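This report refers to the structure that appears directly beneath it.
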Amino acid sequence: MLQVRGLAIDVAARRVLSDASFTVAAGDKVGLVGRNGAGKTSLLKVLAGEDDAAAGVVLRRGTLGYVPQNPRPRAEALATALSHILSGKGLDRAAAHLAELHRKLETDHSPAMIDRYSEAEERYRHAGGYSGESESRRIATGLGLRLDRVDMALGVLSGGERRRVELARVLFAEADLLLLDEPTNHLDSDAKTWLMDFLRSYGGAVIVVSHDLALLDASITRVLHLDAGRLI
Numbered sequence: 033m034l035q036v037r038g039l040a041i042d043v044a045a046r047r048v049l050s051d052a053s054f055t056v057a058a059g060d061k062v063g064l065v066g067r068n069g070a071g072k073t074s075l076l077k078v079l080a081g082e083d084d085a086a087a088g089v090v091l092r093r094g095t096l097g098y099v100p101q102n103p104r105p106r107a108e109a110l111a112t113a114l115s116h117i118l119s120g121k122g123l124d125r126a127a128a129h130l131a132e133l134h135r136k137l138e139t140d141h142s143p144a145m146i147d148r149y150s151e152a153e154e155r156y157r158h159a160g161g162y163s164g165e166s167e168s169r170r171i172a173t174g175l176g177l178r179l180d181r182v183d184m185a186l187g188v189l190s191g192g193e194r195r196r197v198e199l200a201r202v203l204f205a206e207a208d209l210l211l212l213d214e215p216t217n218h219l220d221s222d223a224k225t226w227l228m229d230f231l232r233s234y235g236g237a238v239i240v241v242s243h244d245l246a247l248l249d250a251s252i253t254r255v256l257h258l259d260a261g262r263l264i
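Going left to right, the sequence shown walks through residues 33 to 264 as the working numbering numbers them.
Structure below.
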């Protein structure tokens, strides 16, 4: 999933990581730990391809899901939470198209329109659209988003709710490798427990930065410790 060789990272002219090499295989659950300011977030950004390294090589294989410490959904404010979560698997456009045809069908009952809707619905079903909607709602509510908020526009949701939606989108996408930076921020105890269970049973690899000892104890299988510019 991920191979890192000779990685060095500079932040504001300060080297926070030197000559780091490690591998994350399929199914690995890795906890990235270290004191505040050690460079954990900077390392995660480089692994995600968001920032450049000062030196070294990062080789990624498969799909990648990244949730930064303060995620913000990159979607129009009018998009619903559900459609944004569905976008994790590219189902949002098909759902919007089906909804548009349904609106037209309310006033146009012609055989041609009925056929168009039936064909679009069958394609959506075959693509996993309906099961995807159910799974999206399950993940969103597991993370503490009220069910009635899932169908609301992102623009009316609070900052904490939007962060849950973005986390839900990445989890729904089922990437081969998840990079999560403090994912339990703004989650209540029930949502934290749900996330622990989700990560523990997740089929892909995970690298998580967290100060939540319960999450680390429950969900990870190995630890990378970043200290004084070295990864141990």
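For each residue, glycine too, the CB sits at the ideal point set by N, CA and C.
Predicted model only: the values in this text are computed from it and were never measured.
Outcome for residue i when other beta-carbon atoms lying within 10 angstroms are tallied against a minimum of 16
i: D244; result: buried
i: V188; result: exposed
i: G38; result: exposed
i: V241; result: buried
i: G174; result: buried
i: L186; result: buried
i: R195; result: buried
i: S150; result: exposed
i: E138; result: exposed
i: A172; result: buried
Spatial distance of residue i from residue j (CA atoms)
i: Y156; j: Y162; result: 7 Å
i: R67; j: V36; result: 22 Å
i: L114; j: E206; result: 16 Å
i: K224; j: A144; result: 49 Å
i: D60; j: G71; result: 21 Å
i: M184; j: S168; result: 14 Å
i: S119; j: R125; result: 8 Å
i: E214; j: Q101; result: 6 Å
i: L110; j: A246; result: 36 Å
i: D180; j: V89; result: 45 Å
i: G63; j: R254; result: 6 Å
i: Y98; j: A127; result: 24 Å
i: D140; j: L130; result: 15 Å
i: L263; j: V182; result: 40 Å
i: L219; j: R46; result: 33 Å
i: A260; j: V48; result: 7 Å
i: D51; j: R178; result: 45 Å
i: D249; j: E154; result: 44 Å
i: D222; j: L96; result: 27 Å
i: G191; j: S142; result: 44 Å
i: D229; j: H257; result: 23 Å
Own chain, CB closer than 8 Å to residue i, minus 5 neighbours either side, in chain order
i: R148; result: L133
i: M33; result: V56, A57, A58, D60, R92, R93, G94, D208, L209, G236 and A237
Unbroken alpha helix (DSSP H) run spanning residue i, endpoints
i: T55; result: Element bounds for T55: not the alpha helix (DSSP H) but the beta strand (DSSP E), R46 to V56.
i: V202; result: G191 to A205
i: R157; result: P143 to H158
i: H134; result: D124 to L137
i: G174; result: G161 to G174
i: I239; result: Not the alpha helix (DSSP H): I239 falls in the beta strand (DSSP E), residues A237 to V241.
i: V78; result: K72 to A80
i: L247; result: L245 to S251
i: I264; result: Unbroken run through I264: none, as it is neither H nor E.
i: T225; result: S221 to S233
i: A113; result: A113 to L118
The beta strand (DSSP E) enclosing residue i, as first and last residue numbers
i: K61; result: K61 to V65
i: Y98; result: L96 to V99
i: R92; result: A87 to R92
i: D213; result: L209 to D213
i: R254; result: R254 to D259
i: I41; result: L34 to V43
Cβ-based neighbour list, residue i, same chain, cut-off 6 Å, excluding 5 preceding and 5 following
i: V43; result: S74
i: L123; result: G161 and G164
Contact set for residue i: own chain, Cβ-Cβ below 7 Å, skip 5 residues either direction
i: A152; result: H129, L130 and L133
i: A159; result: L123 and A126
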